[in-house]
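In order, the protein sequences belong to chains G and L.
Heads up: the first sequence begins at 1 in UniProt numbering, then just goes up one per residue.
Heads up: the second sequence begins at 1 in UniProt numbering, then just goes up one per residue.
To start, the structure under review is shown below, and the notes come after it.
Number of protein chains: 2
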Amino acid sequence: MIKPTNLTGYYKEGEREELWLFDDVEEMGLEIGYKIDRLLHYEQSPYQEISVAESAGFGRMLVLDGIPQYTSKEGYIYNEMLTHVPLTTHPEPHKVAIIGGGDCGAARETAKYTDVKRIDVVEIDARVVEVSRTWLSNPAIYELDDRVHMIYRDGLHWIKGQKAIYDVLIVDRSDPYGPSTALYKPAFYELAYRALNEDGLFVCHSESPYYNPKIMRDTVRYLNKLFPIVRVYLAAVPVFPGGIWSFVIASKKWDPMHADIRRLQWRNNGYMNPDLFYASFALPNYVKKALE
Amino acid sequence: MIKPTNLTGYYKEGEREELWLFDDVEEMGLEIGYKIDRLLHYEQSPYQEISVAESAGFGRMLVLDGIPQYTSKEGYIYNEMLTHVPLTTHPEPHKVAIIGGGDCGAARETAKYTDVKRIDVVEIDARVVEVSRTWLSNPAIYELDDRVHMIYRDGLHWIKGQKAIYDVLIVDRSDPYGPSTALYKPAFYELAYRALNEDGLFVCHSESPYYNPKIMRDTVRYLNKLFPIVRVYLAAVPVFPGGIWSFVIASKKWDPMHADIRRLQWRNNGYMNPDLFYASFALPNYVKKALE
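In structure tokens, the structure reads:
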């Protein structure tokens with residue numbers, strides 16, 4: 001019998017059993033329940049538990065270790081925010097690496113930039129890629145676009161061999177538990193800096209500024225020690241607890257505040273557009289305070 | 001025995017009973033649970049069920065008919081967004097009316113503007129005001145500031161008697177159920193238009209653009225028939241489902257895009273500041289599309 005983490009079936013009198021996925025933010029006493037119409041896939045990979053659920057409100061949902069990572073209805077928001085900011089900021093991003101991002105949503109957004117010549121997706125868990133291809137999109141971007149190369153390795157091990165190679169490094173890490181833990185440590189940021197060209201730039205998400213300001217603050221602090229330009233930006237991602245999500249861009253040379261906005265590929269986006277590019281860097285007072 | 005709506009106690013083996021408040025967004029198959037340390041107050045007023053709970057993650061929570069309306073930890077976000085935009089946009093807001101807003105958070109923000117001479121708070125339910133005074137803030141703004149006048153009347157009935165009186169009308173309505181239903185109807189917007197001076201402006205929230213785009217679209221559509229300038233702006237409110245929340249400002253003369261930003265009283269705010277004032281009007285593509 002399979003027993004996916006956080007998935008609960010319960011019985012209401014006179015009704016058929018309902019499935020719910022419950023995502024807990026324990027330290028905040030918050031529990032978010034998603035009604036699940038059907039569990040489409042479940043497996044235990046060597047790295048994590050992978051499931052795909054058809055949800056009532058968010059479409060298909062990729063769930064890793066019981067936590068929703070991507071939904072077909074609003075997953076574009078996170079992916080657009082993670083990729084369009086660095087790819088607009090860098091004036092000539094030829095070589096891009098994406099660490100994590102096995103759902104390939106970040107790779108799909110990166111492929112909108114025609115001056116990008118190569119997109120390396122470094123994913124520890126080949127099963128996430130295969131499950132996403134089967135259930136979330138078929139065919140996958142790496143089958144459609146020969147600039148996209150899949151590298152099935154641990155991001156931390158892989159990056160140790162990269163020196164001054166990439167223009168843009170996008171870290172599509174999951175929450176700071178399980179396989180992503182190492183991607184939140186100072187040693188990783190140092191290796192990321194070294195993997196970039198002399199005008200390269202780095203981007204990652206940094207969790208919720210409301211629920212988890214420490215992750216955001218630590219990410220900024222570590223990156224500030226390495227990069228001359230470090231900026232936080234925000235987006236509203238409905239499926240993430242609290243809705244507000246933070247990202248950090250760290251750059252050796254190019255400042256997003258002086259980006260050539262004409263570079264932004266936005267017409268086919270669900271979220272990001274030129275006004276929003278600048279607006280996402282405007283931080284509420286409580287976020288500024290948390291960063292002090 | 002009291003049985004507050006949406007409040008559930010359950011027993012985990014070996015642990016003491018836990019209280020949870022569950023807010024459902026039924027049409028989206030979403031359920032948000034807030035861990036409650038203690039129920040501080042519960043009553044059935046003539047209009048609605050009013051409770052105050054000490055929550056684990058959001059501080060004290062004012063709950064009407066089972067739905068969280070204001071929290072001591074982040075309630076300032078909604079109140080700042082509802083008030084500072086119109087009060088900055090109008091160059092000389094002398095007379096301000098707030099319909100609803102019995103928690104007096106909107107009145108407290110309005111009082112930051114020294115050119116405001118009179119603040120009328122029109123709340124249908126005197127018990128909401130009294131309960132908020134007792135449990136959320138003591139003393140209340142109407143005891144501290146003699147510009148604030150409490151008027152205990154049904155907003156719809158009250159506004160019928162108001163003609164060309166107010167510079168700014170702020171509608172702090174609850175969700176479109178129960179006592180607030182009438183405040184979402186075209187007839188109310190017409191009366192609001194009439195209650196305003198010839199250069200007056202109107203503001204209200206319009207629910208989540210993600211979960212409930214119809215309310216946002218209808219609000220804009222009705223206001224567009226009356227006011228020459230209608231603009232939507234957004235904020236990230238962690239306690240509301242999905243986090244992203246929409247507001248509509250409708251104006252007879254003054255355009256928020258040309259506001260004198262030096263008017264903005266922001267230094268003691270938790271959220272709103274000059275950058276964010278403009279940024280909040282930048283709409284994601286999916287919100288623009290929902291408004292088409």
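Glycine included, C-beta positions come from ideal geometry on N, C-alpha and C.
Within chain G, the residues that residue i reaches when beta carbons sit closer than 9 Å
i	result
residue 293 of chain L	Any answer about residue 293 of chain L is impossible in this case: the structure gives chain L only from 1 up to 292.
L:L276	A279, A282, L283, P284, N285
Simplified DSSP assignment, three categories, for residue i
i	result
L:G100	strand
L:S174	coil
L:V131	helix
L:P284	coil
G:H149	strand
G:F277	helix
L:W158	helix
G:L197	Residue 197 of chain G is actually Asn in this sequence, not Leu. Here G:N197 sits in strand by DSSP.
L:A259	coil
G:N138	coil
L:D125	coil
L:N79	helix
L:P186	helix
G:Y271	coil
G:K289	helix
L:H90	coil
L:E143	helix
G:N212	coil
residue 294 of chain G	No statement about residue 294 of chain G is possible, as the shown extent of chain G runs from 1 to 292 and does not include it.
L:L264	coil
Residue i burial status per 10 Å Cβ neighbour count (16 or more: buried)
i	result
G:P228	exposed
G:M257	exposed
G:G161	exposed
L:P139	exposed
G:R262	exposed
G:L144	exposed
L:G178	exposed
L:H149	exposed
G:P46	exposed
L:N6	buried
Chain-ordered chain G contacts of residue i [CB-CB under 7 Å]
i	result
L:L40	Neighbours of L:L40 on chain G: none; closest Cβ ~16 Å, over 7 Å.
L:P238	Y210, G242, G243, I244
L:G270	N285, Y286
L:N273	N285
Between the CA atoms of residue j and residue i - distance to the nearest angstrom
i	j	result
L:N271	L:M81	The residue asked about is misnamed: residue 271 of chain L is Tyr in this sequence, not Asn. About 8 Å.
L:A192	L:G155	10 Å
G:S132	G:F281	31 Å
L:Y70	L:K95	25 Å
G:L234	G:A106	17 Å
G:G75	G:E54	14 Å
L:L276	L:R173	23 Å
G:L201	G:D260	15 Å
L:D115	G:I32	43 Å
G:Q265	L:L136	47 Å
G:A187	G:I159	11 Å
G:V128	G:G102	6 Å
L:V248	L:P213	13 Å
G:R60	G:N79	16 Å
L:S208	L:V237	10 Å
L:S51	L:V63	5 Å
L:L40	G:Y211	24 Å
G:R217	G:D65	25 Å
L:C104	L:A290	32 Å
Bridge-paired residues (DSSP) for residue i
i	result
G:R108	In DSSP, G:R108 forms no bridge with anything.
L:E43	L:I50
L:A235	L:W245
G:A250	G:F202, G:V230
L:S55	L:I36, L:G59
L:T114	Per DSSP, none; premise fails for L:T114.
L:P68	L:V63
L:K95	L:R118
L:D167	Answer by DSSP bridge pairing: none, since L:D167 is not bridged.
L:D24	L:E31
Partners in chain G for residue i, counting only beta-carbon separations shorter than 8 Å
i	result
L:I32	L30, E31, I32, G33
L:S55	G29
Interface partners of residue i on chain C, CB under 9 Å
i	result
G:S45	Considering every chain present, this structure includes no chain C. Its protein chains are G and L.
Residue i: contacting residues in chain L (beta-carbon distance under 8 Å)
i	result
G:G100	Ordered by position in chain L, no residue passes the 8 Å Cβ test against G:G100, which lies about 23 Å from the chain.
Residue i Cβ short of 6 Å to the ligand FAD heavy atom set
i	result
L:G75	The ligand FAD is not part of this structure, which contains no ligands at all.
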